[in-house]
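In order, the protein sequence lines correspond to chains A and B. The opening residue of the first sequence carries number -2 in our numbering; numbering runs sequentially from there. The opening residue of the second sequence carries number -2 in our numbering; numbering runs sequentially from there. First the structure, in the form of structure tokens, and then the observations on it.
Protein chains: 2
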Amino acid sequence: MTSTPPAEPLRVAVIGTGLIGASVALAAARAGAVVSGWDPDPTHVERAAAQGALVPAGSVEDAVADADVVVVAAPIEAIPGAVVAALRGAARAVVTDAGSIKGPVVAEVQARAAHEGVPLDRYVPSHPMGGSERSGPDRASASVLDGIVWAVTPTPSSSDEAVASLDAFIRGVGAEPAHLTPERHDRLVAFVSHLPQVASTALMSLAVSEEAGEPDILLLAAGGFRDLTRLAASSPQLWGQILLANGEEVCRAIELYSDRLLRLRDDIRAGAVSEVEATFSHAKAARVRLAAKPQVRAGVAVLQVPIPDRPGSLAQLTGGLARGGVNIEDLQIVHSLEGGRGQVHLTVAAASVDAAVETLAADGFDPVRLA
Amino acid sequence: MTSTPPAEPLRVAVIGTGLIGASVALAAARAGAVVSGWDPDPTHVERAAAQGALVPAGSVEDAVADADVVVVAAPIEAIPGAVVAALRGAARAVVTDAGSIKGPVVAEVQARAAHEGVPLDRYVPSHPMGGSERSGPDRASASVLDGIVWAVTPTPSSSDEAVASLDAFIRGVGAEPAHLTPERHDRLVAFVSHLPQVASTALMSLAVSEEAGEPDILLLAAGGFRDLTRLAASSPQLWGQILLANGEEVCRAIELYSDRLLRLRDDIRAGAVSEVEATFSHAKAARVRLAAKPQVRAGVAVLQVPIPDRPGSLAQLTGGLARGGVNIEDLQIVHSLEGGRGQVHLTVAAASVDAAVETLAADGFDPVRLA
């Protein structure tokens, strides 16, 4: 006769505790998992441990020994060795890696595993499509994973059971699994991730080049330029590695992009206003469809509210709305440079916009509906 | 014997009351000016008037008759006629236009003014470097101008007195005047405004093209892609006009950009990792210097605070900080997609970060310092 054991918490091991690894650890811990972690840089593990994300382990083998799920969040060239070590060291865990490219990583894992006689049924490569231009465990947060798409790219060897376990883990940390082959992943990210990085870096470097030609040029750089060049602050080492590893797809994307830019140049030079407008209309329609996806929802309204820049003014604003039963969906502070006054952009459900305006006006605020 | 008359409010006329014109009117009214406005589309003037921005006028002549300052915020092809009409109709006003390009606009104003025998000493062309991908008077706000650079591009005919009056007006509405020639303005904005727009539109249109090749590609579009393509939602008509008007400079900028992209492609194809890293390092250093300018200030700290997504949770958070005497410099809500919980990124003065953490912890929040 056997008794049913009490439900055990999920055991997660994170190998490599930079921004992504430490964020995965924090999100797994938030979901109730027991997390162990290892990083070749002991200060990285300590900083992640100091955030309450994980228990430091002395080696990859120690970290993974009892794990149900192993996430290898290492630089690309360190992934294959860590994946194979994790598969050898963990008796039953599904092992994934979080590398930004998949085809070359999978090929290298397959070569190593074949050489060492390690089966790959428990290996399911993947790629959380989050992160930012920042790096390092101190910027980590469980919220890095909230609602992001996490690409899952099984190999022919990956077992259905291992894929299902990884999907469940991904949902557990607040992300959304999306299945595709490693090759298709690499082709798509060349356009939506690697090319944007290249475009941003090239624009920033051109603006401060001798050809653009002016030390004061950035004086005129407004919000649009800042948006386009935010990614240019990303890690040169990380990106050098990613772009070279996905070189063929990235080079193709750059060429198609350059072709498209030069076609626009031709239309501008020819004074072909209707062709230029058609290109812009096509892009605008696509961008509006994109904006309607996850990150911007229907059924909300945006109010702009001027507020004085002093302790208590936001509390007064949010307190009034709370008493009025209005849930604030989003709130962004738009400051003047000099301080002394500011603007808040407030997002509320469209159904409660009248209540919000009424409540704010009663409290002496002067809301204007923007959208 | 004369008596000193009481100080009169500044009289401002705005010709063209779209996003920029109505925002200028709102900012001038905020600064105590009396504002009249005219637009060929009567509903534009009415919508601006409904926001309390201005008093509608029946014609350009009526709007400008008593004005001290006239701002022509019209589409590029309508500017020269409106500027000359304003100079004829206003006995003493300094007249500026807010066109996104200056050289061709100035040339056309000069040609018309010469033909009609109108002197140009009171005409000072300019360009407020603000705005957004939105348009129309309903999106207008005085805050559109807060702290932005407003390029002032005098012609050889502009009098020193007129330039000084315009500078004072610009400071009065919360912006910062920056002087340069019309030609230099057009060369610089080709790189920091027009090229970013072209780069954004081309990237968006490529991502949804048959060459990139996948209807599901946008599933993988994360924050970086969204940043790079936000501008692609801008008005096709407005941009068609701007790009063609500044065609020579824009075509040169596109070519230099394409050259730079293809040099990066060559380095990637050659596996020249140190060249790729050098390009990225150069761009990163420039972007970090840019970030250190106005829009990001030193001496602040950022806290991340999980909050439940229900009415009152923000009020509790901000109320506690107000009682603790902590001024919130900025606050951004980072939501999970499913709702139910959220994260707030809270910016406070570095000097008050300990007080903020203490207050939040005492109220049951769990703040983590991000930066």
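Cβ atoms here follow ideal geometry from the backbone N, Cα and C, with glycine treated the same way. A quick note: this is a predicted structure, and the numbers were derived from the prediction, not measured.
Is there a C-beta anywhere in chain B that falls below 8 angstroms from the one on F222/A? Residue contact with chain B for F222/A: present (Cβ-Cβ distance below 8 angstroms to some residue of chain B).
Using the three-state DSSP reduction, which class does T93/B fall into: helix, strand or coil? DSSP places T93/B in strand when its eight states are reduced to three.
Determine the direct distance from the alpha carbon of A280/A to that of V186/B, and round the result to whole angstroms. Between the alpha carbons of V186/B and A280/A lies a distance of about 22 angstroms.
Based on the DSSP output, what are the partners of I409/B in its beta bridges? Outside the displayed range of chain B (-2 to 368) lies residue 409/B, so it cannot be described from this structure.
Listed in chain order, which residues of the region 184 to 205 of chain A have Cβ atoms closer than 8 angstroms to some Cβ of chain B? For the region 184 to 205 of chain A, which is checked against every Cβ of chain B, the residues closer than 8 angstroms are R184, L185, V186, F188, V189, S190, L192, P193, Q194, V195, A196, S197, T198, A199, L200, M201, S202, L203, A204, V205.
Secondary structure of G171/A, DSSP reduced to three states: In this structure, G171/A counts as coil in the three-state DSSP scheme.
For chain B, check one thing: does any of its Cβ atoms lie closer than 8 angstroms to the Cβ of S123/A? Closer than 8 angstroms: no.
Using a Cβ-Cβ distance cut-off of 8 angstroms, determine whether S97/B contacts chain A. Answer no: the Cβ-Cβ gap between S97/B and chain A never drops below 8 angstroms.
Given a threshold of 16 other Cβ atoms within 10 Å of its Cβ, counted over all protein chains shown, does G322/A qualify as buried or as exposed? Counting Cβ neighbours within 10 Å, G322/A comes out exposed, since fewer than 16 surround it.
Three Cβ pairs or more, each shorter than 8 angstroms: is that satisfied between the region 141 to 149 of chain B and the region 48 to 63 of chain B? Too few Cβ pairs lie closer than 8 angstroms, so no.
DSSP three-state assignment for V57/A, whether helix, strand or coil: Helix at V57/A.
If you measure beta-carbon to beta-carbon, which residues of the region 310 to 327 of chain B are closer than 9 angstroms to chain A? For the region 310 to 327 of chain B, the residues whose beta carbon sits under 9 angstroms from a beta carbon of chain A are, in order, S310, L311, A312, Q313, L314, T315, G316, G317, L318, A319, R320, G321, G322, V323, N324, I325, E326, D327.
Using a Cβ-Cβ distance under 8 angstroms, would L253/A count as near chain B? For L253/A, a Cβ of chain B is located within less than 8 angstroms of the residue's own Cβ.
With R109/B and V69/B assumed to form a contact (beta carbons below 8 angstroms), what rounded beta-carbon distance in angstroms separates them? In this structure R109/B is not in contact with V69/B, their Cβ atoms being roughly 13 angstroms apart against a cut-off of 8 angstroms.
Less than 8 angstroms between CB atoms is the rule here; does I214/A satisfy it with respect to chain B? Yes, I214/A counts as interfacial toward chain B.
Complete runs of the beta strand (DSSP E) confined to the region 157 to 216 of chain B [at least 3 residues]: Whole beta strand (DSSP E) segments, 3+ residues: 173 to 176.
Can V121/A and S97/A be called in contact, C-beta distance under 8 angstroms? Going by C-beta atoms, V121/A is not nearer than 8 angstroms to S97/A.
Suppose the cutoff is 6 angstroms on Cβ atoms and the five residues either side in sequence are ignored; what does the same chain contact list for V365/A look like? Q301.
Identify the contact partners of L163/A in chain B, using a Cβ-Cβ distance below 9 angstroms as the criterion. Neighbours of L163/A on chain B: none; closest Cβ ~17 angstroms, over 9 angstroms.
Hey, V285/A and A230/B: beta-carbon distance below 8 angstroms or not? Result yes, Cβ atoms of V285/A and A230/B sit closer than 8 angstroms.
The region 10 to 21 of chain B: positions lying closer than 8 angstroms to chain A by Cβ: Residues of the region 10 to 21 of chain B with a Cβ closer than 8 angstroms to any Cβ of chain A: none.
Do L203/B and I251/B have their C-beta atoms within less than 8 angstroms of each other? Taking C-beta atoms as the reference points, L203/B and I251/B fail to come closer than 8 angstroms.
So, is the C-beta of I418/B closer than 8 angstroms to a C-beta in chain A? With chain B represented from -2 up to 368, any question about residue 418/B goes unanswered, as that position is not in the structure.
Quick one: Cα of S278/B to Cα of S232/A, how far? Roughly 8 angstroms separates the two Cα atoms.
Look at the alpha carbon of W147/B and the alpha carbon of F166/B, and state the distance between them as a whole number of angstroms. A direct Cα-to-Cα measurement between W147/B and F166/B gives close to 11 angstroms.
Are the beta-carbon atoms of S33/A and L16/A separated by less than 8 angstroms? Judged by their CB atoms, S33/A and L16/A are not nearer to each other than the 8 angstroms cut-off.
Do F222/B and S190/A have their C-beta atoms closer together than 8 angstroms? Closer than 8 angstroms, so yes.
Using a threshold of 8 angstroms, state whether the C-beta atoms of V345/A and A298/A are closer than that. Against a cut-off of 8 angstroms, the Cβ pair of A298/A and V345/A comes out as a contact.
Just the Cα atoms here: how many angstroms apart are L314/B and I265/A? Going by the C-alpha atoms only, they are around 52 angstroms apart.
Is it buried or exposed for A88/B, if we count other Cβ within 10 angstroms and need 16 for buried? So A88/B ends up on the exposed side.
Please name the residue or residues paired with L343/A in a DSSP beta bridge. BP columns for L343/A point to L300/A, L328/A.
Rounded C-alpha distance that separates S310/B from V160/A: Answer to the nearest angstrom: the Cα atoms are 38 angstroms apart.
Starting from the C-beta of V103/B, find all residues in its chain whose C-beta is less than 7 angstroms away, skip the five residues before and the five after it, and write them out in chain order. If we look at V103/B and ignore the five residues flanking it on each side, its Cβ neighbours are P122, T152, P179.
Where G86/A sits in the DSSP three-state scheme: Note: G86/A maps to helix in three-state DSSP.
For chain A, find out if any of its Cβ atoms is closer than 8 angstroms to the Cβ of R44/B; answer yes or no. Under the Cβ distance rule, R44/B does not count among the residues neighbouring chain A, no pair being separated by less than 8 angstroms.
In chain B, which residues lie less than 8 angstroms from A148/A when you measure between Cβ atoms? Within 8 angstroms Cβ-Cβ: L217.
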